[in-house]
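To start, the structure itself, in structure tokens.
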Amino acid sequence: AAAPRSIAFLSKSIAMDFLLPAYQAQFPGSRLLLGAELQALLDAGQHDDIEVAVCWHPPAAQLSQLTQGAGLQLVQSIAAGIDHIDTQALPASTPVCRIVDSTMGYGMTAFVSWAVIHRQRHMDRYVAHAAQRQWREESIVAPSRHRVGIAGLGTLGQGCAKALLAMGYQVRGWSRSAKQDLPAGLEGLQTFHGQAQKAEFLSGCDTLVCLLPLTDETQGFLDLALMRQLPRGAHLINVGRGAHLVEADLLTALAEGQIGAATLDTFSAEPLPAEHPFWQDERILVTPHIATRTDPRVIARQTAHNFSRIRAGQAAEVAVDLGRGY
Ligand code: NDP
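Each number in UniProt numbering corresponds to the 1-based position in the sequence shown with 7 added.
Right under this line is the structure:
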């Protein structure tokens, strides 16, 4: 299989060396570059050998230096989203690929199922009762009477929908385009699409799960106007991106009783600062952007697959459409 001469690892927010063993195994003949060694090559303009940039919040300056060389053929996001990459700086001819992975899907399905059940079955209260050695039953509402809405019916949203349907929940989903011929397991899914059907979708979400990609259109999606269209006391789960949520609006909606609870995994500023009001409200459950992960070996394998296709003159299968932003 074709292998890049050099691969650069770019991030301003995390140490990328956890990826190196998997990339060494996948690309034994390639030079892997990060940190000071990478910066020195970029500064010296000696980066024509760098054919792949593996990115998580890549520094804009490094990415733009790389695009000025002759070598770059693939920008590989290590995540399902590409919102962390400033794609404006990239030439249109450079494909940007995202990760689509079943283990990432299973992780998200598990997290979302847990978050739905945790509130819908009052598991938070049982944890408190157990700490007091109290044998106390809370009300039980059958899943068939609880409506879960999933905004974003892509790879991850559909996986969650399938699991929730299998547990007997009433599940509805909302996407940009109409969904026809849904795969097996989604027969009971009620689908809505576009702005025209958004209000109708929202009006039937006792729990709303945000699994949208972050784009110009979806930024600030979870605002007060949206929250007021949900049934009173709804549970909001945000596993998309922090910038989907207007944070101050959630506090207002909680104060009004319009939102009953929120489970939030992503935030505008991560880590969430210790003084942030979200930590103080027991109706808000904060998790530190852990809804799911992808095995580094899968990321390396998908990079290899994408690079081989590009080398062979074929389109990369998971290249994002930069025009629509996901
Ligand atoms: P996909 O690209 O497969 O699916 C995106 C879905 O969102 C599609 O159904 C799409 O509609 C819909 N959508 C996009 N824009 C709009 C819009 N303007 N209005 C209505 N619907 C819209 O993405 P994935 O399922 O793979 O991932 C979704 C997101 O989940 C990622 O982008 C990332 O932000 C987040 N994520 C979070 C993680 C975490 O740990 N918290 C981990 C992994 C991902 P259509 O079907 O019509 O194209």
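Beta carbons are placed, not taken as given, at the ideal position from N, Cα and C, and that holds for glycine.
Paired residues, beta bridge with residue i - DSSP
| i | result |
| --- | --- |
| N245 | C217, L271 |
| S109 | Looking at the DSSP assignment, S109 forms no beta bridge with any residue, so it has no partner. |
| L41 | Note: L41 sits in no beta bridge, so no partner. |
| F199 | W181 |
| L79 | Note: L79 sits in no beta bridge, so no partner. |
| I266 | A241 |
| I291 | A269 |
| C104 | Q83, A326 |
| L252 | L229 |
Close beta carbons around residue i, own chain, < 8 Å, minus the five adjacent residues each side
| i | result |
| --- | --- |
| T101 | T74, L79, Q80, L81, V82 |
| C212 | R154, V155, G156, R179, L237, P238, A241 |
| L231 | V253, D256, T259, A260 |
| G264 | R239, G240 |
| Q33 | R304, A307, R308, T310, A311 |
| A173 | G192 |
| T162 | A87, V107, G112 |
Endpoints, beta strand (DSSP E) assigned at residue i
| i | result |
| --- | --- |
| T222 | Taken as a continuous stretch (DSSP letters only), T222 belongs to no beta strand (DSSP E), as it is neither H nor E. |
| V178 | 177 to 182 |
| A158 | 154 to 158 |
| P60 | It is Ala, not Pro, that sits at residue 60 in the sequence shown. Where A60 is concerned, the enclosing beta strand (DSSP E) stretches over 57 to 62. |
Inter-residue spacing [alpha-carbon to alpha-carbon] between residue i and residue j
| i | j | result |
| --- | --- | --- |
| Q69 | A77 | 15 Å |
| K19 | D131 | 36 Å |
| T301 | I57 | 24 Å |
| L261 | G267 | 6 Å |
| I166 | Q197 | First, the amino acid is wrong: residue 166 is Gly here, not Ile. Answer to the nearest angstrom: the Cα atoms are 15 Å apart. |
| H242 | R179 | 15 Å |
| Q187 | R152 | 26 Å |
| S315 | P35 | 15 Å |
| P11 | R331 | 29 Å |
| L141 | H129 | Note that residue 141 is Gln in the sequence shown here, rather than Leu. Approximately 14 Å, taken between the alpha carbons. |
| L49 | D24 | 19 Å |
| F208 | E277 | 30 Å |
| A137 | Q204 | 43 Å |
| P28 | T214 | 40 Å |
| A158 | G52 | 44 Å |
| I317 | A8 | 12 Å |
| I21 | D223 | 25 Å |
| V123 | P150 | 10 Å |
| M234 | A206 | 11 Å |
| A43 | H54 | 14 Å |
N- and C-terminal bounds of the alpha helix (DSSP H) containing residue i
| i | result |
| --- | --- |
| R316 | 303 to 318 |
| F16 | Looking at the DSSP string, F16 is not in any alpha helix (DSSP H); the run it does join, the beta strand (DSSP E), is 13 to 17. |
| G166 | 162 to 173 |
| L233 | 231 to 234 |
| H136 | 130 to 138 |
| Y333 | Here Y333 belongs to no alpha helix (DSSP H), and DSSP marks it neither H nor E. |
| P28 | 27 to 33 |
| L209 | 205 to 209 |
| S71 | 67 to 74 |
Contact set for residue i: own chain, Cβ-Cβ below 7 Å, skip 5 residues either direction
| i | result |
| --- | --- |
| T225 | L219, H251 |
| I92 | C62, P65, V82, S84, V103 |
| S13 | S37, R38, L40, D56, I57, E58 |
| T94 | V103, L329 |
| T299 | M111, G114, M115, F118 |
| G164 | I157, G180, L218 |
Other residues of its chain near residue i: CB distance less than 6 Å, five sequence neighbours each side excluded
| i | result |
| --- | --- |
| A185 | H200 |
| T116 | G166, C167, A170 |
| T310 | Q83 |
| R105 | S84, A87, I89, V325, V327 |
| L271 | N245, V293 |
Cβ-heavy atom distance, residue i to the ligand SAH, below 7 Å
| i | result |
| --- | --- |
| E58 | Of the ligands this structure carries, namely the ligand NDP, none is the ligand SAH. |
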